Structure formats: C-alpha cells, structure tokens
Amino acid sequence: MRVWIASLAVIAATLGLAQQHPDRTTSLNPPPELAKSMDWAALSAGVALPKPATNAQRLARGLPLIKPKTARRHSHRRGPHRLGSHVLAAPRAQPSPEPPVSKQCNIAVTSSPAGDQLGLLAAVFNRFGEYGAVVSTTNPNPLVVSFSYSLDSTEQLDLTAVNGPSTAQPFFGTAVGYGSSNNDMSSTSPNYLIIVGTTQTPPGSPPSDEADNTFSQTTSIPVAAESAVWVYDPVTQALTIRWVNTDGTPVDLSILLCNQSDDFLVATGNPALFTSTFGANCPAVTLSCVPPV
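Count the sequence shown with this note's numbering and you get residues 20 to 312, in order.
What follows is the structure, encoded as structure tokens:
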C-alpha cells in the first residue's frame, strides 16, 4: 500500500510540473523510477500459450485443423404416414466462407510519407514493457508475429508474438497511454495508445481493465488494453490499428515512433494534436508484414 501511495505521489508531481510548464515536453511514460526491473523469461517460465479454440487460431500456430463433428443419423420407423409425405424444401445455396490463411512475418517499420525503411521491430521491450526498438535486417532478434485471416475478414485480428519476451502476455496488442485522459480515441483528442504484450481480448470488445499487459506489469499502473486491434491488407502487407472505444465505436489510428530515452510506438487519432499537446517528436511510421529473415 505504501509503495502504491508513493507511486501516485510521484505521478501527481510529474503531471503538476507539466501543467505549470506547458511549453516543456511532457513525458509520454511515467517517471523511470516506477519501472521495475523485469525478468520476462522467469515470469514466463511454465506459462503456456493459450490453447487455440478455432481453426483460424490453430492455423496461425501451424497446428492441424479441428476435425468436424459428424451428424448423428436418426432411424425412422417404416410405414405409411397418416397425413401424407412431407416434402422438404431444398436449402438455398450460400457462398462458402473463404478458408483462413496462416501468416508469419517480421514487422518492417517505414517512415511516412517518405517511405524509407527504418528497419525491423525488435523482439524486446523497453523499460516500460513497450515495443518500439527498431533493428537492422541483419539483427538476429527481430520480432516474429503470427496470425490468420480470410479474405472475408482482415480486421480485428490477434497477432501472436512468436518470439516475444513474455509468454504470459503473448499477444502483440495495445494499451491506453500513460498521458491519455480516458480510454477513448478520436480525431479530436490527443489520447494515445502504446504497443505492448497483452493477454487476449474478444474481437470488437471495448477496452478491458481485466486484460493483463506488460506496461502494467512493469509499472504497477493499471491501464485498459485490447489485443484484437489489427487490420491487415493482404495486397500492401500493411498492418494498421483499429481501436474500439468504450461505446463500441471503432476508430482508425495513426502510428508514430517516439523516443524519450526509450524507443516506443504509439497510436493516436490526431497526430498533430498529439504533438502539440505533449510536445513530443514522434515521426509517423507505417508497419508492414515482411517475410521472416
């Protein structure tokens, strides 16, 4: 309890200083002293990935499909019907859903709109449990993500961090940023998300206070999270973020790469307002799925 009260006092002092000096850059993360030193390997020891419940999830992991259940046949007594024979109407033909496609890739980070490739996203967290470090294509430890999609559904996707630092939070997901005023994103708000490791949340669901995430694990600051936020374009290979607000409204967000002692990715509905509010130098970037190196 004393540690939590002390943490709140540090946060309040930091926010108060930012309000007194609006011309100064406001930190997008909490004071560094709140970040615990984490041994992600030890935390993940003995924690297995959640068992895939659908064929799409199994394909993303390279597992065999679930065998379909066979319908039981019911025997009928032979003999004349009192009221005549019933004629069954032929079922209407419906198009078959597109089969799911399994995808595994590194994530390329490219400057926007210039289009210069900055490198690949690394399979590491910064001190706050956030993704954002970028490494060269020759680096031995770029992040590998896996997911499945169909041409009928390329949004609200979960991306599994195959070689992510934390098996306890295995999804490449999002959480509400430390400086955001609430859990909602919009084109009229400077609120932002951070990209972190999360547990799974249902597609299309609003922000979850129950979902575990690596930022909260590291800082002991509770923030809401969502995992199924990714939209994949199979033509351009682009990965974009669509957050679901508390009222169920989906919002498309822009992705920025920030550096404030640590590299980390953020997503916001209004990059210009975000920049003017926080004073942070966070260039716009795009993320795309590229073959693993």
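A virtual CB, placed ideally from N, CA and C, is assigned to each residue, including glycine.
None of these values were measured; they are calculated from a predicted model.
Cβ-Cβ separation between Thr265 and Pro226: approximately 6 Å, consistent with a contact (criterion under 8 Å). For Val304, same chain residues with a beta-carbon under 8 Å away, outside a window of 5 residues either side, are Val128, Thr129, Ser130, Ser131, Leu137, Ile274, Leu275, Leu276 and Leu284 in chain order. Here Glu245 is buried. Its C-beta has 16 or more other C-beta atoms within 10 Å.
Annotation for Ser235: the continuous alpha helix (DSSP H) segment containing it runs Thr233 to Thr238. Thr296: member of the alpha helix (DSSP H) spanning Pro290 to Phe297, first to last residue. Across the set Glu149, Ser172 and Gly298, the C-alpha of Gly298 shows the shortest separation from the C-alpha of Thr45.
Under the DSSP assignment, Leu47 falls outside any alpha helix (DSSP H); it carries neither an H nor an E label. Beta-bridge partners of Asn125 (DSSP): Val163 and Val309.
When beta bridges are read from the DSSP output, Gly138 appears opposite Val128. The alpha-carbon separation between Arg261 and Met204 amounts to approximately 10 Å. With contacts defined by Cβ atoms closer than 8 Å, Ser167 and Pro241 do not form a contacting pair.
Look at Leu272 here: in three-state DSSP terms it is strand.
Check the Cα spacing between Ala61 and each of Thr255, Ile126, Thr294 and Thr186: the tightest is with Thr186. With fewer than 16 other Cβ atoms from the protein chains shown falling within 10 Å of its own Cβ, Asp171 counts as exposed. Nearest neighbour of Gln123 by Cα position, chosen from Asn278, Asp228, Pro253 and Gly148, turns out to be Pro253. A residue is called buried when at least 16 other Cβ atoms come within 10 angstroms of its Cβ; Val181 meets this threshold and is buried. Residue ranges of uninterrupted beta strand (DSSP E) with 3 or more members, entirely inside the region 169-212 and ordered along the chain, are 190-195.
Between the alpha carbons of Ser121 and Val164 lies a distance of about 11 Å. DSSP lists Tyr251 and Leu306 as the beta-bridge partner residues of Leu258. In the DSSP assignment, Ala286 falls within the beta strand (DSSP E) that extends over Asp281 to Thr287. Cβ neighbours of Ala243 within its own chain (closer than 8 Å, five residues either side excluded): Ala194, Val195, Asn202, Pro226, Ser227, Asp228 and Ala230.
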